[in-house]
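Reading the sequence shown from the start, the letters are residues 4 to 94 in our numbering. Backbone N, C-alpha and C fix where the C-beta goes; we use that ideal spot for every residue, glycine too. Treat the numbers as computed from the prediction; the structure is a model and nothing was measured. Have a look at the structure below before the remarks.
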Amino acid sequence: MNPLKLVFRPFMRGPSCEDVNRFLCEYMEGTLPEKTRAKFQAHLSNCSACISYFEQYKATVEMVNEQKAISIPDQLVERTLDFLKANIHRN
Ligand SMILES: [Zn+2]
């Protein structure tokens, strides 16, 4: 099976929170295909958990850029993932 198909299959119905989480980096870099990007934005405008995550991610990237660090600390990634999971379960 084409691995690309597996990855993008959820986008047929729109991305889940997990997909948004997984592809946020590509989204921020503008490397997502146009159609996927549109579905991303649709999800982001309707999901408070992902909006919070997105804002947090953006702030982190800006902070990291200012410090000229190379990568986001693993600890923060885990913390935001936990945050997102907690929000999903609440819904
Ligand atoms: Zn979401």
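For Cys28, count neighbouring C-beta atoms within 10 Å of its own C-beta (all shown protein chains included) and say buried if the count is 16 or more, exposed if not.
Position 25 of the sequence shown, counting from 1, holds the residue named residue 28. With a 10 Å radius around the Cβ and a threshold of 16 neighbouring Cβ atoms, Cys28 comes out exposed.
Can you tell me whether Glu85 is buried or exposed? The criterion is at least 16 other CB atoms within 10 Å of its CB, across all chains shown.
Start at 1 with the first residue of the sequence shown, and residue 85 comes out as number 82. Residue 85 is actually Asp in this sequence, not Glu. Asp85 is exposed by the Cβ-count criterion.
Helix, strand or coil at Thr83 according to DSSP, with G and I counted as helix
Working through the sequence shown from its first residue, we reach residue 83 at position 80. DSSP places Thr83 in helix when its eight states are reduced to three.
State yes or no: is the C-beta of Cys20 nearer than 6 Å to some heavy atom of ligand 1?
Against the sequence shown, residue 20 aligns to sequence position 17. At least one heavy atom of ligand 1 is nearer than 6 Å to the Cβ of Cys20, so yes.
Where does Thr39 sit, in a helix, a strand or coil, going by DSSP?
Taking the sequence shown and counting its residues from 1, one reaches residue 39 at position 36. Helix, per DSSP.
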